[in-house]
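Student:
Protein chains in written order, with this note's numbering: chain A, 36 to 362; chain B, 9 to 234.
Put into structure tokens, the structure is as follows:
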């Protein structure tokens, strides 16, 4: 078997000599760095400490689990680093560090390793880590402290744009630069778009999911605005704020595109992106929460096996329905 | 007819090998619902054990009399009588437990563990074996409930049996006493039971592996651990 170089492994699959799991994950780390820098500028250096703790905890738990279970230690593939970074991006600044470590434990041990390690997680590990923290320490998770150093006040606990969005559109420039309250990695839309564009340009992620997801949310919000009787320009403006505010860009570029928890085929990816957009808009508009990206992602992650099954490509000449000739 | 097992084996089956909750996956509804506090878990476990032993013995004694076509209604009548008895006793002597368990106390009547053991064991075996089976299964159920509720109460409320364990500076993880936390603990304990059994050198039964999973067909991890 060895000399035929047939390697059976879970996705992410090896595409060429230069694209191994390690390289792909390094690319993702690079794509996340501008946002981390932006967060450090906006919220202060504590953000770097928090990120360092989640990354170290994720790598540490993965190593510990694999050593205890006598599995090959896969830290070299950087996937735990990516999980740690994305988890930190999902936490508010000045979040207690020990709580962040619990999030890392849930992400790596419960969601990833207990289900079989990389490629077998049923949902995005960082996402479940975030949701567990959100349900466990709700008060702490929605305390957004925003240091408005240039307005004379040391720090200010403010509403996030998602709350403010209900009172009309927001200054787009603030949303783009991220100079507002929120979780670490969601505020600066500009760096998220740069990171996402980098990943698409280097073909690490396919543009189908982010484009259908973000485009879908924009379209639904625009149509809802029109249906509500607003003028076209006002609806377009509020739809634009709704894609720049909140966790949508972070979710669409970095969490929805996780190889293991997104569909394989292009049509499947399209359906997945659209489904995410529908669920996110529905939660944002009609549910008791102001932000719906994380729950939409979790729900759609669980639907991915079914989307894969339904969007499976058929070999030419094999009829619909029966898959007799397959395999 | 299954082949005869030794009485010791019958008694210990419920602890791990055929643990009603973790291996037979019976009685999951009360398990998830009442295990937010150790007191409730323990109370539920003892109440169910009592009913299980009594109903197993009566059903086993009557197994030659009950016509098989109406056996389930007969089992339910026997079980319901004992549940009523327990319910009245608890209401009279431990009203706090009655209030905490609420509707789950009368619902022991339809607990699948009790009906399951009546159908699978008591209706085919003698009175002594059935009593031991009821005791073993009841102890297995109670152990799991106490473990389950211990983990959830400690992490979710920071207390054990109502006594504060975690210092007040550590905020408890409220997800653990919410339904998702229950499912997390359920999954982890189930995996642990299979892990311990595998370590003890016994092969877990096929039903416990991928064969029993409804999503096995499209699961990427199918068959990995086998």
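Cβ coordinates follow ideal geometry from the N, Cα and C atoms, glycine included.
Please classify residue 55 (chain B): does DSSP put it in a helix, a strand, or coil?
Tutor: Helix.
Student: Hey, quick one: how far does the alpha helix (DSSP H) through residue 205 (chain B) stretch, first residue to last?
Tutor: Segment 187 to 207, the alpha helix (DSSP H) holding residue 205 (chain B).
Student: With respect to the alpha helix (DSSP H) encompassing residue 87 (chain B), which residues constitute its N-terminal and C-terminal limits?
Tutor: It spans 79 to 101 - the alpha helix (DSSP H) in which residue 87 (chain B) sits, taken as one unbroken run.
Student: Under 8 Å, Cβ to Cβ, is there at least one residue of chain A near residue 181 (chain B)?
Tutor: Closer than 8 Å: yes.
Student: Could you please give me the residues that DSSP links to residue 167 (chain B) through a beta bridge?
Tutor: In the DSSP output, where bridge partners are listed per residue, residue 167 (chain B) has B:172.
Student: What do you get for residue 142 (chain A), buried or exposed, if any count of 16 or more other CB atoms within 10 angstroms of its CB means buried?
Tutor: Classification of residue 142 (chain A): buried, given that the 10 Å Cβ count is 16 or more.
Student: Rounded to the nearest angstrom, how far is the Cβ of residue 15 (chain B) from that of residue 140 (chain B), given a contact under 8 Å?
Tutor: Yes, they are in contact, since the Cβ atoms of residue 15 (chain B) and residue 140 (chain B) sit about 6 Å apart, within 8 Å.
Student: What are the residues of the stretch 163 to 181 of chain A that lie near chain B, defined by any Cβ-Cβ distance shorter than 9 Å?
Tutor: Of all residues in the stretch 163 to 181 of chain A, 166, 167, 168, 169, 170, 171, 172, 173, 174, 175 have a Cβ within less than 9 Å of some Cβ in chain B.
Student: Using a 10 Å radius around the Cβ and a threshold of 16 neighbouring Cβ atoms, would you call residue 287 (chain A) buried or exposed?
Tutor: Buried is the call here.
Student: The stretch 172 to 197 of chain B: which residues have C-beta closer than 9 Å to a C-beta of chain A, in chain order?
Tutor: Residues 178, 179, 180, 181, 182, 183, 184, 186, 188, 189, 192, 195, 196.
Student: For a contact meaning CB atoms closer than 9 Å, what does residue 149 (chain A) contact in chain B?
Tutor: Here the neighbours are 195, 196, 199.
Student: Should the stretch 53 to 71 of chain A be regarded as contacting the stretch 258 to 277 of chain A, the criterion being three or more beta carbon pairs within less than 8 Å?
Tutor: No, they do not touch.
Student: Which residue comes first and which comes last in the alpha helix (DSSP H) that contains residue 320 (chain A)?
Tutor: 301 to 321 is the span of the alpha helix (DSSP H), which, as asked, contains residue 320 (chain A).
Student: Taking the C-alpha atoms as reference points, what is the distance between residue 342 (chain A) and residue 306 (chain A)?
Tutor: Spanning the two alpha carbons is a distance of roughly 8 Å.
Student: Against chain B, with Cβ distances strictly below 8 Å, would residue 137 (chain A) count as a contact?
Tutor: Taking Cβ atoms only, chain B reaches closer than 8 Å to residue 137 (chain A), which makes this a yes.
Student: Measure the C-alpha to C-alpha separation of residue 189 (chain B) and residue 36 (chain B) and round it to an integer number of angstroms.
Tutor: Straight-line Cα distance between these residues: approximately 14 Å.
Student: Along chain B, in chain order, which residues have C-beta atoms closer than 9 Å to that of residue 145 (chain A)?
Tutor: Within 9 Å Cβ-Cβ: 192, 195, 196.
Student: So, is residue 189 (chain A) buried or exposed, given that buried needs 16 or more other C-beta atoms within 10 angstroms?
Tutor: Unreliable placement is indicated for residue 189 (chain A), whose pLDDT of 48 sits below 50; no coordinate value is reported for it.
Student: Looking only at its chain, what residues have a beta carbon closer than 7 Å to the beta carbon of residue 210 (chain A), apart from the 5 residues adjacent to it on each side?
Tutor: Correct list, in chain order: 196, 224, 276, 279, 280.
Student: Return the residue from the list A:178, A:259, A:253 that minimises the CA-CA distance to residue 283 (chain A).
Tutor: Selected option, being the one with the closest Cα: A:253.
Student: By the three-class DSSP mapping on this structure, what secondary structure does residue 45 (chain B) have?
Tutor: Reduced to three states, the DSSP call for residue 45 (chain B) is coil.
Student: On the CB-based measure, 16 or more other CB atoms within 10 Å of its CB, does residue 125 (chain B) come out buried or exposed?
Tutor: With 16 or more other Cβ atoms within 10 Å, it is buried.
Student: Would you mind sorting residue 133 (chain B) into buried or exposed? The rule is 16 or more other CB atoms within 10 Å of its CB.
Tutor: Burial call: buried.
Student: For residue 49 (chain B), I'd like the list of residues in its chain whose CB is within less than 7 Å of its CB, leaving aside the five on either flank, ordered along the chain.
Tutor: Within the same chain, residue 49 (chain B) has close Cβ partners 42, 43, 153, 154, 156, 157.
Student: Would you call the stretch 304 to 322 of chain A and the stretch 237 to 248 of chain A touching, i.e. three or more CB-CB distances under 8 Å?
Tutor: In short, these stretches touch, since the Cβ pair count reaches three.
Student: In the structure shown, what three-state DSSP assignment does residue 298 (chain A) receive?
Tutor: If DSSP states are grouped into helix, strand and coil, residue 298 (chain A) belongs with coil.
Student: DSSP three-state call for residue 351 (chain A): helix, strand or coil?
Tutor: Looking at residue 351 (chain A) - three-state DSSP - the assignment turns out to be coil, as it is neither helix nor strand.
Student: Along the alpha helix (DSSP H) that carries residue 80 (chain A), what are the first and last residues, could you check?
Tutor: First-last for residue 80 (chain A): undefined, no H or E at that position.
Student: Report the option in B:108, B:65, B:88, B:38 whose CA atom is closest to the CA atom of residue 129 (chain B).
Tutor: Nearest C-alpha to residue 129 (chain B): B:65.
Student: Taking the straight line between their C-alpha atoms, what separation do you get for residue 139 (chain A) and residue 93 (chain A)?
Tutor: Approximately 5 Å, taken between the alpha carbons.
Student: Which of the three DSSP states, helix, strand or coil, is assigned to residue 109 (chain A)?
Tutor: If DSSP states are grouped into helix, strand and coil, residue 109 (chain A) belongs with coil.
Student: Please list, in chain order, all residues of the same chain as residue 156 (chain A) whose beta carbon is under 6 Å from its beta carbon, the five residues on each side excluded.
Tutor: Contacts found: 146, 147, 150, 295.
Student: Taking one C-beta from the stretch 101 to 113 of chain A and one from the stretch 66 to 86 of chain A each time, how about it: are there three or more such pairs within less than 8 Å?
Tutor: Flag = no, the stretch 101 to 113 of chain A and the stretch 66 to 86 of chain A do not touch.
Student: Three-state secondary structure (DSSP) at residue 13 (chain B)?
Tutor: DSSP places residue 13 (chain B) in coil when its eight states are reduced to three.
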